[in-house]
Structures are given as C-alpha cells and as structure tokens.
Amino acid sequence: NAGVTQTPKFQVLKTGQSMTLQCAQDMNHEYMSWYRQDPGMGLRLIHYSVGAGITDQGEVPNGYNVSRSTTEDFPLRLLSAAPSQTSVYFCASSYSGLGQGHGYTFGSGTRLTVV
Amino acid sequence: DAKTTQPTSMDCAEGRAANLPCNHSTISGNEYVYWYRQIHSQGPQYIIHGLKNNETNEMASLIITEDRKSSTLILPHATLRDTAVYYCIVRVAIIGGGADGLTFGKGTHLIIQP
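For the record, the sequence lines run as chains D and Z.
With this note's numbering, the residue at position 70 of the first sequence is 70, and numbering never jumps.
With this note's numbering, the residue at position 101 of the second sequence is 101, and numbering never jumps.
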C-alpha cells in the first residue's frame, strides 16, 4: 500500500515550458487535491476533485489545469511555466463524506523550479 | 472556515509533554478541529481531529474547551522527531460541499530540545 505517490520529486523548467505533475493513490479515495507551498508559507489549494470526472478550482487555480479520468490518478498540468510557479507541490487524497475520520493523506511533494 | 490563531514557535524538552494551543473563537457548531504537522520538506501528516469531545490516538491527545473556542494538542512524550510545524485547522467535515480543501495558516514551529 503506497499511499499517495507523486512524480517527479524534483523538476527544473524553463519559462514557457509545459509539464505534468503526476499524482496517484491506491487507497480508493474519492477526493483528491493539489496544493502549492511557497517558502515560509502554508499550503494553498490549487484544484480539487471529489470523484472521477469532477474537478473544481481552489484558491490559486490560474496557470494550472487538472483532469480526473480515473479514481486513482489526478495529474496537474502547467500550461506555460512562469517563475512565479516555482514552489513545492503537494497532492492529497481522502475519503469524502461526513465522519470518515481518516483525514487527508499527502504525498511527499514535487519541488519545481522555473528559471 | 473559522480562523485559527497559533503561536509562531515553541520549545519543549525531549521526553516532556508538548502542549500546543490553538484559538478558534469563531468556530461554528458543525466545524471540526483538525491537527496536522509538517516535518521539514515532507508532506503534511494528519494527527488527530475532534468536534467537541476530547480525543486520543496513538500520536496525540486533543483537548477542546467546553465552549469550543480553543483547543490544545498534546504530544505526551516529545522526541526529537516531533520537531515540525504544527497546523491547527477548523473546517466542516463534509468534502465537496462548496469551497473545499484545508486552509493552512503558518502554524506553530515546535522545536524539541535534547
């Protein structure tokens, strides 16, 4: 049982390049989400999904796209990377619904630098 | 989601109990108190949550005041590995019911001293 797996762990991009950050979970969680964490700051929600085929925007969605074709995978796409997107990205998943009590399980993060 | 207030940093001696306070004076009746921690460079880790009763698990205890306006996370026997940023988060427990996700503030940087 791997939990939440994020790849790659590190990435350097040039301004204007595109890439996809991968996130996969093997816990059959309905809910998945992406956060970014800038130095010295808390996490901010980018996009989330409450199930396959359903996605919605979080607090800071601009510059990012997501899709959820399967329960297991929730990739985050940067369409045209900008230096302001230099950050650590975390994927999280959870059961949804009241009273599940499991909390969110986070991946180990992808450290992205845009030069 | 209700706003929370936590001290910026705290020290605790190894082997002693670490008591981390959180103020959430505007909490609503359907909002839970969640605690997460983030060890340097790692993803946040769920610790415990509660609604109004005190809770205990293998990691920690959560004490919520009767008026629910504040809570304390207790690590009973702190070790060096408990050095981390601890986040107190208040939110409803229903996922997918509108504005979603966890709102992370800056948390409390707990430093366990040898």
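We treat Cβ as the ideally placed atom computed from N, Cα and C, and that holds for glycine.
Listed along the chain, the chain D residues whose CB falls inside 7 angstroms of the CB of Gly-105/Z are Gly-42. C-alpha of Phe-90/D to C-alpha of Val-114/D: approximately 17 angstroms in a straight line.
Nearest to Ile-46/D by C-alpha distance, out of Ser-108/D, Gly-16/D, Thr-7/D, Pro-75/D, is Pro-75/D.
Here DSSP, grouped into helix, strand and coil, assigns Leu-80/Z to helix. One finds Phe-106, Ser-108, Gly-109 in chain D with Cβ atoms closer than 9 angstroms to the Cβ of Gln-42/Z, taken in chain order.
Under the 8 angstroms criterion on CB atoms, Ser-33/D is classed as interfacial with respect to chain Z. Secondary structure of Pro-83/D (DSSP, three-state): helix.
The closest CA to that of Tyr-86/Z, considering only Gln-42/Z, Asn-53/Z, Val-92/Z, Thr-65/Z, is found on Gln-42/Z. Beta-bridge annotation (DSSP): Leu-102/Z is not paired with any residue. Beta-bridge partners assigned by DSSP to Glu-55/Z: Leu-62/Z. Rounded to whole angstroms, the separation of the alpha carbons of Lys-52/Z and Gly-29/Z is 9 angstroms. For Gln-113/Z against Ala-84/Z, the beta-carbon gap comes to about 14 angstroms, at or over 8 angstroms, which does not count as contact. No Cβ of chain D is located within less than 8 angstroms of the beta carbon of His-24/Z.
At a cut-off of 8 angstroms between beta-carbon atoms, Gly-53/D makes no contact with chain Z.
Put simply, of Thr-55/D, Trp-34/D, Gly-3/D the residue whose alpha carbon is nearest the alpha carbon of Leu-21/D is Trp-34/D. Distance between Cys-22/Z and Gln-17/D, taken at the CA atoms: about 42 angstroms.
At a cut-off of 8 angstroms between beta carbons, Tyr-46/Z contacts chain D. Only buried fits Ser-49/D, as 16 or more other CB atoms lie within 10 angstroms of its CB. Interface annotation for the segment 66–79 of chain D against chain Z: empty, criterion Cβ-Cβ distance under 7 angstroms. Within the same chain, Cβ atoms closer than 6 angstroms to the Cβ of Ala-13/Z are found at Gln-113, the five residues on either side in sequence being excluded. Sequence-distant Cβ neighbours of Glu-59/D in its own chain, meaning closer than 7 angstroms and more than five residues away, are Arg-44, Leu-45.
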